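>
Here is the structure:
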């Protein structure tokens, strides 16, 4: 017998398409259609030649034996996971026939479909959404489970201006990671912070948890959950009191600081903040002094602080802090939450081909309520791609009840049989980013890059973009962008980007020209807005503020804190057994005092519960959290825990700005799990 010929390994440069701010350029070594190795691109200044521990195992994810390889039709009860194979033509015909029947009887808004952030490619993420926009279906505001509150809060302060370029932070002399665990969620910016520290910069972490970044910081300021705005306003009070504001900068470049100073800051003396929010007055004084003394203070804002009822005020207050000392515009100074605005990429033509406003819009953060309660018309058909709402949405028990409806025709497009896919009538196998071609622009750095496919699709998997074109054709949508080929779609996205298009399409990272905040801001006044007329016109507070929460229900004395897992930051990584093992089984973390108060020991099974639901996880006792907090790391599939997933405990109350989810407002109790 003749041995099969093997090809020599080759290395392909492409882009990481996971939902992460870094947007890494990566080098993938392949042979005979299999991934051998994934490494960082040393020729990309931000990626700097390394990848995170998760993406290093991307070959295991692409080649996982758990991958779906063929379309499936449900044969058992919804949620049971019983399916049989079907072919693509049969699946697409059944889907589009059902959609036409539903539109004919109930109208277009009885359809609801969306693709979210499991694939960050601009074409693959947006073209499917464009299909549902063109059909006139109910629009899903998918960002409400993640960053809608934080994004609108930033816009209220700085308009469509991106944050300070993170690569300039190497010139900072003070870096504050505020509600952001850089080591876990922004590791390539962490490298820049380390470079700044070698030059003498100090690192402060403001976070309720002593996370991986806090463990390596010069100072961890551990604050109670939900008190970020109180701390920021307390610091501003001290800066005003001590004459440390940059009055000249504020006069030229800010709008409404005088009103904040007169109407809000007098209530936020360090003593008052300590009494109401529990933050030591000495810590407020110390942070104010560090910011005032710094020549180039840089604040990296995380979105975790926005996931409370008053999350918008929190983000606004923290984003305004650098302006009080005139730091915006100084080299290496200012604040950054995201670099997405003003990228120049034209996504509107993909997301909404007609340009018409949606006839009806709903927040994904209330998906369970929408599926069970919406009428006139009710949702009769649901399509989900690149998302796992049965795990990641608030009040996920209600979401699952909605997905159980026998009269709801559900289609899920994904690479694995997720908790959500188990409720689908039809499941379609999707490619991963390493099996597709697309254009990418990370939201935590200033680069765009064309990513090429490095291996063929697994089984019969199809990309979001290919599926979008096929669905559009079968539904009679023959206009652009659905009539364009892949190259034309990419050209549509990048046509207004002021870079060398040939260089961009060649596959290397290309730096996007972006303005820097200060003295220019993208607000109606052109200034940094302490007072927002846009918010006032919507009936929202024009000035950032903070109020103490109502007293906790005595039955549920603990407050939930959630955070991304270091090895499983999204459920999209759950298909990798190695990463599941590194993350360990789902756990509830309590401070030693709280564990002792309940007679609980490290390692035993506990039940976290409230009026919404219960979960059974392993207990971990650690002083990384403060008394009064129950920490659950990661949003893990239900099958990875003894019982439940953390969002079974979170209600669907929305934030003050942007209709965002309020996971961190959850109250609960923890007890020994019943035998």
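In our numbering, the protein residues as written are 127 to 801.
A virtual CB, placed ideally from N, CA and C, is assigned to each residue, including glycine.
Bear in mind that the values here come from a model prediction, so they are computed numbers and not experimental data.
(1) By the 10 Å Cβ neighbour count, where 16 or more other Cβ atoms means buried, how is residue 658 classified, buried or exposed?
(2) Contact check, residue 329 vs residue 344 under 8 Å by CB: the rounded distance?
(3) Given residue 569, which residues of its chain have a CB within under 8 Å of its CB, disregarding the five upstream and five downstream residues?
(4) Taking Cβ to Cβ, would you say residue 184 is nearer than 8 Å to residue 161?
(5) Ignore the nearest five residues each way along the sequence and tell me which others in residue 454's own chain have a CB closer than 6 Å to its CB.
(6) Grab me the residues of residue 577's own chain with a C-beta within less than 6 Å of its C-beta, minus the 5 sequence neighbours each way, in chain order.
(7) How big is the Cα-Cα spacing for residue 621 and residue 472?
(8) Just the C-alpha distance for residue 435 and residue 351, rounded to the nearest angstrom, thanks.
(9) Regarding residue 483 and the ligand SAH, is the C-beta to nearest heavy atom distance less than 7 Å?
(10) Should the stretch 653-671 be called in touch with the stretch 279-288, which here means at least 3 C-beta pairs below 8 Å?
(11) Nearest-angstrom Cα distance between residue 561 and residue 187?
(12) When we look at the beta-carbon of residue 588 and count the other beta-carbons within 10 Å, is it buried (16 or more) or exposed?
(13) According to DSSP, is residue 314 helix, strand or coil?
(14) Sorted by chain position, which residues of the same chain lie with C-beta nearer than 7 Å to residue 366's C-beta, five sequence neighbours on each side aside?
(15) Considering only their Cβ atoms, is the gap separating residue 615 from residue 607 smaller than 8 Å?
(16) Around the C-beta of residue 655, are 16 or more other C-beta atoms found within 10 angstroms, so that it is buried, or is it exposed?
(17) Out of 321, 474 and 651, point me to the one whose CA is closest to residue 380's CA.
(18) What did DSSP end up calling residue 294 once you bin it into helix, strand or coil?
(19) Would residue 510 pass as a contact of residue 497 if the rule is Cβ separation under 8 Å?
(20) Give a yes or no on whether the minimum CB-CB distance between residue 356 and chain C is below 8 Å.
(21) Could you name the residues of the same chain whose beta carbon sits closer than 8 Å to that of residue 765, not counting the 5 residues immediately before and after it, in chain order?
(22) Assuming residue 475 and residue 778 form a contact by the criterion Cβ under 8 Å, report the distance between their Cβ atoms to the nearest whole angstrom.
(23) Quick check: what's the CA-CA separation for residue 145 versus residue 697?
(24) DSSP three-state call for residue 436: helix, strand or coil?
(25) Contact defined as beta carbons within less than 8 Å: I believe residue 407 pairs with residue 397. What is the distance between those atoms, to the nearest angstrom?
(26) How big is the Cα-Cα spacing for residue 135 and residue 247?
(27) Write down every uninterrupted run of the alpha helix (DSSP H) in the stretch 166-242 whose length is 4 residues or greater and which is fully enclosed by it, in chain order.
(28) Which class does residue 113 belong to by DSSP, given the choice of helix, strand or coil?
(29) Can you list the beta strand (DSSP E) stretches of 3 or more residues lying completely in the stretch 310-357, in chain order?
(30) What would DSSP say about residue 264, mapped onto helix, strand or coil?
(31) Round the Cβ separation of residue 303 and residue 426 to the nearest angstrom and send it over; I've been treating them as touching at under 8 Å.
(32) Once you ignore the five residues that flank residue 524 on each side, which residues in its own chain have a CB closer than 6 Å to its CB?
(33) Within its chain, find whatever has a CB closer than 6 Å to the CB of residue 339; leave out the 5 residues flanking it on each side and keep chain order.
(34) Return yes when the Cβ of residue 767 is within less than 8 Å of the Cβ of residue 745, no when it is not.
(35) Helix, strand or coil for residue 396 per DSSP?
(36) Out of 680, 405, 370 and 432, point me to the one whose CA is closest to residue 421's CA.
A quick look at the data gives this:
(1) Here residue 658 refers to the residue found at position 532 when the chain shown is read from its first residue. Answer is buried; the Cβ neighbour count reaches 16.
(2) In the chain shown, counting from the first residue as 1, residue 329 sits at position 203. In the chain shown, counting from the first residue as 1, residue 344 sits at position 218. The distance from the Cβ of residue 329 to that of residue 344 is about 5 Å, consistent with a contact at the 8 Å cut-off.
(3) As a first step, residue 569 is located in the chain shown; it is residue number 443 there, counting from the start. Taken in chain order, the residues that qualify are 147, 149, 464, 465 and 466.
(4) By one-based count along the chain shown, residue 184 stands at place 58. By one-based count along the chain shown, residue 161 stands at place 35. Closer than 8 Å, so yes.
(5) Looking up residue 454 in the chain shown gives position 328. Only 448, 460, 643 and 644 meet the Cβ criterion.
(6) Here residue 577 is taken as the residue at index 451 of the chain shown, counted from 1. Here the set comprises 140, 141, 564 and 566.
(7) What you label residue 621 is simply residue 495 of the chain shown in a count that begins at 1. What you label residue 472 is simply residue 346 of the chain shown in a count that begins at 1. Rounded to whole angstroms, residue 621 to residue 472 spans 7 Å at the Cα level.
(8) Start at 1 with the first residue of the chain shown, and residue 435 comes out as number 309. Start at 1 with the first residue of the chain shown, and residue 351 comes out as number 225. So the alpha carbons of these two residues sit roughly 12 Å apart.
(9) The ligand SAH is not part of the structure shown, which contains no ligands of any sort.
(10) Judged by Cβ distances under 8 Å, the stretch 653-671 makes contact with the stretch 279-288, as three or more pairs qualify.
(11) Position 435 of the chain shown, counting from 1, holds the residue named residue 561. Position 61 of the chain shown, counting from 1, holds the residue named residue 187. Spanning the two alpha carbons is a distance of roughly 12 Å.
(12) As a position in the chain shown, residue 588 is number 462, starting the count at 1. Buried, because 16 or more other Cβ atoms sit within 10 Å of the Cβ of residue 588.
(13) Position 188 of the chain shown holds residue 314. In this structure, DSSP gives residue 314 a helical state, which the three-state scheme calls helix.
(14) Against the chain shown, residue 366 aligns to sequence position 240. Close CB contacts of residue 366 within its chain, under the 7 Å cut and outside five residues either way in sequence, are with 387 and 391 (chain order).
(15) By 1-based counting over the chain shown, the position of residue 607 is 481. By 1-based counting over the chain shown, the position of residue 615 is 489. Going by C-beta atoms, residue 607 is nearer than 8 Å to residue 615.
(16) The residue given as residue 655 occupies position 529 in the chain shown. Looking at its Cβ environment, which holds 16 or more other Cβ atoms inside 10 Å, residue 655 is buried.
(17) What you label residue 380 is simply residue 254 of the chain shown in a count that begins at 1. With distances taken between Cα atoms, residue 380 lies closest to 651.
(18) Position 168 of the chain shown holds residue 294. Helix, per DSSP.
(19) The sequence position of residue 510 within the chain shown is 384, counting from 1. The sequence position of residue 497 within the chain shown is 371, counting from 1. Not closer than 8 Å, so no.
(20) Considering every chain present, this structure includes no chain C. It has just one protein chain.
(21) Position 639 of the chain shown, counted from the first residue, corresponds to residue 765. Only 545 meet the Cβ criterion.
(22) Your numbering for residue 475 matches position 349 in the chain shown. Your numbering for residue 778 matches position 652 in the chain shown. In fact, because the Cβ distance is near 32 Å, the residues do not count as touching under 8 Å.
(23) Stepping through the chain shown from its first residue, residue 145 is reached at position 19. Stepping through the chain shown from its first residue, residue 697 is reached at position 571. Roughly 11 Å separates the two Cα atoms.
(24) Residue 436 sits at position 310 when you count from the first residue of the chain shown. Coil, per DSSP.
(25) Looking up residue 407 in the chain shown gives position 281. Looking up residue 397 in the chain shown gives position 271. In this structure residue 407 is in contact with residue 397, their Cβ atoms being roughly 5 Å apart against a cut-off of 8 Å.
(26) Looking up residue 135 in the chain shown gives position 9. Looking up residue 247 in the chain shown gives position 121. Whole-angstrom Cα-Cα distance: 26 Å.
(27) Runs of alpha helix (DSSP H) with 4 or more residues, each lying fully within the stretch 166-242, are found at 184-188 and 214-232, listed in chain order.
(28) Residue 113 is absent from the structure shown; the chain starts at 127 and stops at 801.
(29) As far as the stretch 310-357 is concerned, its whole beta strand (DSSP E) runs of at least 3 residues are 328-332 and 345-347.
(30) Here residue 264 refers to the residue found at position 138 of the chain shown. Taken through DSSP and simplified to helix, strand or coil, residue 264 comes out as strand.
(31) For the purposes of this step, residue 303 is identified with residue 177 of the chain shown, where counting begins at 1. For the purposes of this step, residue 426 is identified with residue 300 of the chain shown, where counting begins at 1. So it is a contact: roughly 5 Å between Cβ atoms.
(32) Translated into positions along the chain shown, residue 524 becomes position 398. Result list for residue 524: 494, in chain order.
(33) For the purposes of this step, residue 339 is taken as the residue at position 213 of the chain shown. Correct list, in chain order: 303, 307, 308, 309 and 331.
(34) The residue labelled residue 745 in the question sits at position 619 within the chain shown. The residue labelled residue 767 in the question sits at position 641 within the chain shown. Contact flag unset, no.
(35) Looking up residue 396 in the chain shown gives position 270. Helix, per DSSP.
(36) Indexing the chain shown from 1 puts residue 421 at position 295. Closest by alpha carbon: 370.
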